Structure formats: structure tokens, C-alpha cells
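Residue numbers (the UniProt record's numbering), protein chains in the order written: chain A, 1 to 416; chain B, 1 to 416. One structure is given here, and the rest of the page talks about it.
Number of protein chains: 2
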Amino acid sequence: MGSLAPYQRKHKVTVVGSGNWGTAIAKIVAENAASNPGIFEEKVEMWVFEEKVEISKTSRHYDPSLPLCQGPQNLTEVINQTHENVKYLPGINLPTNLHANPSLVDAVQDSTILVFNLPHQFIIKTCEQIKGKILPYARGISCIKGVDVNEEGISLFSETIGKILGIYCGALSGANIASEVAQEKWSESSIAYDPPHMDSKAPSPNRSPSSSTENLVQFEHKDVSGQFSRVKLQALPSDYPPVDHAVLKSLFHRPYFHIRVVNDVAGVSLGGALKNVVALAAGWVDGMGWGDNAKAAIMRVGLLEMVKFGEQFFSATINTRTFTEESAGVADLITSCSGGRNFRCAKLSIERKQPIEKVEETELNGQKLQGTLTAVEVNSFLKNQGLEEEFPLLTAVYRVLQGTMSVEDIPSYIER
Amino acid sequence: MGSLAPYQRKHKVTVVGSGNWGTAIAKIVAENAASNPGIFEEKVEMWVFEEKVEISKTSRHYDPSLPLCQGPQNLTEVINQTHENVKYLPGINLPTNLHANPSLVDAVQDSTILVFNLPHQFIIKTCEQIKGKILPYARGISCIKGVDVNEEGISLFSETIGKILGIYCGALSGANIASEVAQEKWSESSIAYDPPHMDSKAPSPNRSPSSSTENLVQFEHKDVSGQFSRVKLQALPSDYPPVDHAVLKSLFHRPYFHIRVVNDVAGVSLGGALKNVVALAAGWVDGMGWGDNAKAAIMRVGLLEMVKFGEQFFSATINTRTFTEESAGVADLITSCSGGRNFRCAKLSIERKQPIEKVEETELNGQKLQGTLTAVEVNSFLKNQGLEEEFPLLTAVYRVLQGTMSVEDIPSYIER
């Protein structure tokens, strides 16, 4: 995998985002860029939303004689000098070939592979800032958990990114607590990537060239909900190694971070969204002191409803075995119901007899729970379809959040 | 469900075994017998291996003026007077219609439903003691976790029981830590029951009557590994309610113990066996401090190998969705990898740097770990088939137990 000699050009990789998960992924990508010099440019860019930080006196980098330690500094400069994201991933050594860049446009320029890893409320704005300023044949990987669900329908963040930027974008998701991955504790993850067959030059039955530009090809693209739309994607020039499953594995797989690459973008993305709703119920049940049997029962029913949700609303493209076989499915569910923040806050809300919003305020330092938001969005969608009763656990979580059902009622409500 | 009026006779139910899980199940069965008087006789028998116990001075039953509290007493007498199994399930009130019986033969006499719940090393001896002394048309349910695996093949304990006694026997298994079930904390469980279609009087394509006795019918029975054998089963007299999924649900389902009845005896039984092997690996990984991601990865791979084991060796009868959908599959795996004894002892063996046999000795009070035994049996079978490499996690657990592989080697060995 170390060399794909026939190609004259190498992929430049940029990570868009630098929170704890963003930085952990940037570390992996930079490590792999360095160890696969035949495929990737060594220097990896990481876009950092610039802010001022101070190196604390207890930090291993503190040395009052250094200019860096004399008052507030730009986060990017601190990262590039100390090779540590002191604000969002303190204590972790970053590879020296990872470059923190405060300019979004500069960071993505000339990159053929864009890795998106930022809170989902910033996705659209960020993409609009770089629209038209990236290589037209770039490819994306979204590490953003969750899906965009509302009354009208469901879309995947990878599709949102792809549509705005006019590129193909896959997804990465798995049982990955960021701090553990950053510490190089062994874990697994899933990448889903299934672009139209253009880069590989394989014939595609849907191919209907409509542009005189040699590399601009129009496809009948079937999105995850089965709808066809015409999209124009530009083929990667043939002097680059094709962005395929093998190249993505070279970019993300580490001895401590085992990757399986699959085609099911919908399954990988849905798993990451719905497991947060299940984790709330698991947290409540654990907070009630109902024990391990009850928690396992909630997770079993949650897994069933995840599979059913996929079958019912993404039947055109989903492989429901993703939920039961891949890290982005059952393993991520297990991790999230063990120590994830949705689980923890839900559990605390029972133990402290506080609304979960109150726990969120005191425990999360201004960050928001993904599960409560997803529960409301999913319910709005299910209600609109008249299908609340078909998904009793997802519905019960919403109702408990609304105060119209109590946790004690969940077992009998979800019984089938 | 409370009444099946047309039937003149009722089922007498006996629970064979009275450890903590046996007593917890006997409690459920007696509660349901009392609340379904149209189907079951109220009095439920529980066979208790007789031993002498003393009521401790701190017990709620201690009263020095009672004969019961003056020196060692028979356990059955203590249970029948205090309605508590003070030895194996202390602190739990048992229904007054549950009768502890020190005579195995007396306890099973005239019973139409026999529930087997005792350590698996006692099954054969116990069945041989009652052979020919039970109703020839009785039906059994085995609550014994595990399967009987050896070099030659695999058999289910329910089949072993059925063969010795000449009756049909199903299985009950699920995410059920006995103490939590006894405390009426909500949980779920699976019952698998799929007898030849005789009791229901439905026509059976395999039916080939060969006896002049009206009720004795010979079947071509296909066992779980797909082999046909001729078995004689006696039909239940028609004045009893048929022993079907609905009746079994009436006998085992409680508001705090939710039952799903399925046909897949092999899947339900295999799940209960193989999850103990996976739990050992989960315990080691947790003991290493590798965190929740790693533990979830082990469980994901374990679930995959459980499904594959079922597909490969029980293809004739298994429904692999049992592993991913039922309590006896993924939920039992989750519970066992959370706080089960195999998990706990494996974790302690790493933390204390002790062989697991040593931990077993000091922690389990003379009881034996099921997982270590199953790992050896399964490996002997896989090795004999030349298939060790096809099941890397099951093989890795065996090798770590043998000292020929270290826990650190597991991630790279199981990577696919």
C-alpha cells in the first residue's frame, strides 16, 4: 500500500475542523500521509477556527522565556509550535507534518481529499465559504455524526456537503470516543464510500455524458432515499491515484484504528444519528437502577428500530447488515450506551431529578446534546408520516423529553 | 389468556433445579400458574437438592422460639415455611404456591411441563433418574445456558434432555442476571420452541405413524445440525390445552419479564454459549484499560463470529437474525460483557496479573466459569474441522487461556 508508483501526482489532504474529534482524525490522517509518501503529500492541512489561548503554567510547554508563553497567542501558532492542540486535545502529541491553518480558503486550496469534522451547525456556512474555491474534482469524507431529519424528509450530512460543493462525499463513523482514539487505544471505525463509477473508469449503466468538457460527467444520481437527481461530478485527473476503498484505507487505517470500508453511506450515517436517541433511554434506565438486563433490553429494541428505520426510509440504498455488523452500527451503539455523553447526562438527570437541559448546562460546558435534538427531529418526521407507533422506543424517548411519558412507562410501551 | 375453558385438564408444572436462576424462574412460573388458573394447576413443584441450612441470626425469619431456628434444618422445609430460598436466593419472597420438594421423582410425577434449570454437569444424571417416571407426553423447557460441544460435534442441552427422556424440549435464554430478575427489575428473555406438529394436530409432511398406540407417533426429526433421526413422541392428550407459544408465554411472561417466543432452538441456545467466550475477551480488554471503544470492537467481532458459527454449523435450522434481534443474542452478549462473571473474572485476571483459574478460585466460591470451558470445547471442535483461522476471536480467547497468545496480540489477530 506504501507506493502506487505509476501516478505522477499525490493527494493533498485537508481536515476541516479541529475540535477534539477533528484533531484526533487529523492526527491519524497526518500519520498516514507521512507513511504513504507514494499516495499522499506529506504536509496535511487542518483548518482551525482562530482564537486566542494561553499556555497554562502547568503545561509541559510552559517556559516563561519563550515568546509563546508571554500572554495570549493564536491557537494555530501554538499548535504549529508545540504540536499539541492545547485547547481541544491537550496532552496529545500531533505529527509535525500536520499544519494548523487559520484560513479556511487557504487550507482547502489544491486539496484533492477534504475531511469534514466540525459541529454540524457549522457545516452549511463552512461549505458556502469554500464553494468554488476547491478543486472541482476533490472528494470528501464527512466525519460528522448524525443526519439532517425534519418533517419533510431525511438527508445525510455527506449529501449536504456534496450538493453545496458539487463533489462526491462519503462518511466515516464508528465506536470512537475521541479521547481514546487520540491516546491510540485500539478501536475500529467504518468508512462508507460509493461514488458513481467514474474515477475507476469502469463503465456505468447510468453514464450519460452531457458536457463537452472531457472530465465533466453528468450522472443520474440516486440519493439515499431513492430519489434520482442529475448531478455533475468532475472526474479525478488520471495522474492521481484513484480515490477508492484502498486509498481511503491507507489514509485512515492505523495499527490502533482499524478501518473497514463499505458502500453503505446511509447505514453508516444513520447509525451515528439514531444511537444517540437510544443512549438517552439507556441512561434513564440505568439512572433508575434497573440494572444491566434492562439496559441490554433497551439496546436490543433500539437496534431493532434502527434497522427498521433504515429499511423503511432508505430501502433504495441501505444494507441493514451495516447496523448489526459494522463498527458504525452495533459497536457505536454499545459505546454510546456505556459512557457517551447522551447516556451520562440522561443518567444524571434521573439521579439528580433534574430536567436533562439542566444537566446539559452544568455538565457540558456550553455544548449541546446531539441525542435530544435528534429525538425531536426524528419524532417530527415520524409524526408527519403517521408512524410514531411503529417506532415505540424512538417515540417514547421523545415523549419522556416532552414530559408526556414517564421512564417507568417505557417497558410496557415498547413491548411487542 | 387467563382461561382456555374448553380443556378439562390443567398443566402441572415442575421446575427441576433450585439454584439462584432456578429459584428465580420457579418464582415466575408459580406467579403465572396462580394467575392463569384455567391453564395451570396452582401448585408448582420445585425439586431441591436437599441440604442442611441454618437460619442466621440476622435473617428476617430468625425467631429463637421457632423450631425452625433451632439448629440446622432441611432446606426444603425452610423454603416451604419461610417462602424464601435462604441459601441460593436470599431476601426474595417466593409465591406460597411454590412447593420445594426434596424428591426428584415425586416432584416430576404427573407433570406435563418440566422446566430444567440446573448446572449442566448434573443434567444427564438427573434425567436418568427420572427416565420412565415422567408422563410420556410431558414437554420440557431447558433454561441451561451453553451447548455441548466436543471434537465430534455440537449438541444442544435441550436435545440431550429430550433424547434421554423421550420428550420434546425447548429452550429459554436471554439477558437475564438472576438476581435482577428475582428483584423484579425489568428484563426480556427468549423462548425457543418448535416441536413436530403433533400437539396442534396440524398435518405434518414428515408424519409417518408406525405404532398402533393412538398417541404414539414416529417422526422423522431433523436435529439442529441437520441430521435426520427417527424419534417417537407421544401426543399430548386432547383434554389438555396444547403446549404452544401462547401457553408458554402465559407460563413465563411477567410484567417485569418480557418474553418473545421463537422457533429457533439452535440460535437461542448457541447465543447463550458463545457469548461467554466473547465476555472473556471483553474482560481482558477492559482490564488492560483500553476503554469503551475497544470493548465495543471485541463485542462486534464476537457477534459476527456467533452469526458465522451458527450459519456454518447449524445451517439446516438456524435463523441468524436470532443473534441480532433476540434477547438471547445481542442483548445477552451485552449484559454478559457488562457485569457477567466471565467478564469480571477475566478483567480481574489482568488487573491482578493472575491466571484466570486463580481468580475463579478466589472469586466464585467453588463455582466454575462457563466461558473458559466453552472456549476449550469450541476450540477442540474448530481445530478438528481445520477452521480455527475462520473464527479468530474464538481462537484467540482459547490461545490466551493456553498462554500461547497475549492479550496485546488480539487486535491484530482478529483484524479482517
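Using N, Cα and C, we set each Cβ at its ideal position, and we do this for glycine too. Keep in mind the model is a prediction, meaning the values are calculated, not measured.
Integer-rounded CB distance, given that residue j should sit under 8 angstroms from residue i
i                     : j                : result
Val29 (chain B)       : Val330 (chain A) : The Cβ separation is near 33 angstroms, so there is no contact.
Val48 (chain B)       : Leu75 (chain B)  : 6 angstroms
Val261 (chain A)      : Tyr193 (chain A) : 6 angstroms
Leu104 (chain A)      : Gln129 (chain A) : 6 angstroms
Ser65 (chain A)       : Val86 (chain A)  : Going by Cβ atoms, the distance from Ser65 (chain A) to Val86 (chain A) rounds to 18 angstroms, so no, they are not a contact pair.
Thr54 (chain A)       : Gly71 (chain A)  : The sequence shown places Glu at residue 54 (chain A), rather than the Thr named in the question. Correct: roughly 7 angstroms between the Cβ atoms.
Ser269 (chain B)      : Val376 (chain B) : Contact doesn't hold; Cβ gap of about 18 angstroms is too wide.
Ala24 (chain A)       : Ala182 (chain A) : 4 angstroms
residue 437 (chain B) : Glu41 (chain B)  : For chain B, the structure presents residues 1 to 416; residue 437 (chain B) sits outside this window and is missing.
Ala171 (chain B)      : Ser158 (chain B) : 5 angstroms
Ala33 (chain A)       : Asn117 (chain A) : That pair is no contact at about 16 angstroms.
Per DSSP, the bridge partner or partners of residue i
i                     : result
Asp155 (chain B)      : Per the sequence shown, the amino acid found at residue 155 (chain B) is Ser instead of Asp. B:Asp148, per the DSSP bridge assignment.
Thr14 (chain A)       : A:Glu45 and A:Leu114
Leu270 (chain A)      : Answer is none; Leu270 (chain A) lacks a bridge partner.
Gln73 (chain A)       : A:Val53
Glu31 (chain A)       : In the DSSP output, where bridge partners are listed per residue, Glu31 (chain A) has none listed.
Glu188 (chain A)      : A:His258
Ser65 (chain B)       : Answer by DSSP bridge pairing: none, since Ser65 (chain B) is not bridged.
Arg399 (chain A)      : Its beta-bridge partners do not exist; DSSP assigns none.
residue 457 (chain B) : Outside the shown range of chain B, which is 1 to 416, sits residue 457 (chain B), and nothing can be said about it.
residue 487 (chain B) : Nothing in the structure corresponds to residue 487 (chain B), since chain B is present only between 1 and 416.
Ser173 (chain A)      : A:Ser190
Within-7 angstroms CB hit, residue i to chain A
i                     : result
Trp186 (chain B)      : yes
Asn112 (chain B)      : Sequence check: residue 112 (chain B) is Thr here, not Asn. For Thr112 (chain B), the answer is no, since every Cβ of chain A falls outside 7 angstroms of its Cβ.
Lys201 (chain B)      : Its pLDDT being 46, under 50, Lys201 (chain B) is placed unreliably in this model, and the value from its coordinates should be taken loosely. Not one chain A Cβ lies under 7 angstroms of Lys201 (chain B).
Thr395 (chain B)      : no
Trp47 (chain B)       : no
Ala33 (chain B)       : no
residue 496 (chain B) : Residue 496 (chain B) lies beyond the range of chain B shown here (1 to 416); nothing can be said about it.
Asn176 (chain B)      : yes
Ile130 (chain B)      : no
Ile356 (chain B)      : no
Ala297 (chain B)      : yes
Glu311 (chain B)      : no
Ile334 (chain B)      : yes
Glu363 (chain B)      : no
Glu180 (chain B)      : yes
Val330 (chain B)      : yes
Any chain B beta carbon closer than 7 angstroms to residue i
i                : result
Asn293 (chain A) : yes
Gly338 (chain A) : Going by the sequence as given, residue 338 (chain A) is Ser instead of Gly. Ser338 (chain A) counts as touching chain B.
Leu401 (chain A) : no
Asn80 (chain A)  : no
Glu415 (chain A) : yes
Trp290 (chain A) : yes
Glu305 (chain A) : no
Arg300 (chain A) : yes
Ile350 (chain A) : no
Ile191 (chain A) : no
Glu390 (chain A) : no
Lys44 (chain A)  : It is Val, not Lys, that sits at residue 44 (chain A) in the sequence shown. Taking Cβ atoms only, chain B never reaches closer than 7 angstroms to Val44 (chain A), which makes this a no.
Val265 (chain A) : no
Thr324 (chain A) : yes
**Prompt:** With contact counted as at least three CB pairs below 8 angstroms, one residue from each stretch, are the segment 296-305 of chain A and the segment 388-403 of chain A in contact?
**Reply:** yes
**Request:** Could I get the ranges of all uninterrupted beta strand (DSSP E) runs contained in the segment 304-361 of chain B, with 3 residues as the minimum, in chain order?
**Result:** none
**Segment contact, 8 angstroms Cβ cut-off, at least three pairs: the segment 230-239 of chain B with the segment 128-147 of chain B** = They touch, by the three-pair rule.
**Asked** Considering only residues of the segment 78-110 of chain A, which uninterrupted beta strand (DSSP E) runs meet the minimum length of 3 residues and lie entirely inside it, listed in chain order?
**Response** 98-101
**Message:** With a threshold of 8 angstroms, are at least 3 pairs of Cβ atoms found where one atom belongs to the segment 291-299 of chain B and the other to the segment 348-364 of chain B?
**Reply:** When Cβ pairs closer than 8 angstroms are counted between the two stretches, the segment 291-299 of chain B is seen not to touch the segment 348-364 of chain B, the count staying below three.
**Request:** Determine, using beta-carbon pairs with one atom in the segment 176-193 of chain A and one in the segment 250-257 of chain A, whether at least three such pairs fall under 8 angstroms.
**Result:** yes
**Asked** Does the count of Cβ pairs from the segment 112-127 of chain A and the segment 341-351 of chain A closer than 8 angstroms reach three?
**Response** Contact fails between the segment 112-127 of chain A and the segment 341-351 of chain A, because fewer than three Cβ pairs, one in each stretch, are under 8 angstroms apart.
**Asked** Does the segment 3-23 of chain B come close enough to the segment 311-323 of chain A that 3 or more CB-CB pairs lie under 8 angstroms?
**Response** no
**Prompt:** Given 8 angstroms as the limit, is there contact between the segment 273-282 of chain B and the segment 147-162 of chain A, that is, 3 or more CB pairs closer than that?
**Reply:** no
**Prompt:** Is the segment 368-387 of chain A in contact with the segment 366-377 of chain B, if contact means three or more CB pairs nearer than 8 angstroms?
**Reply:** no
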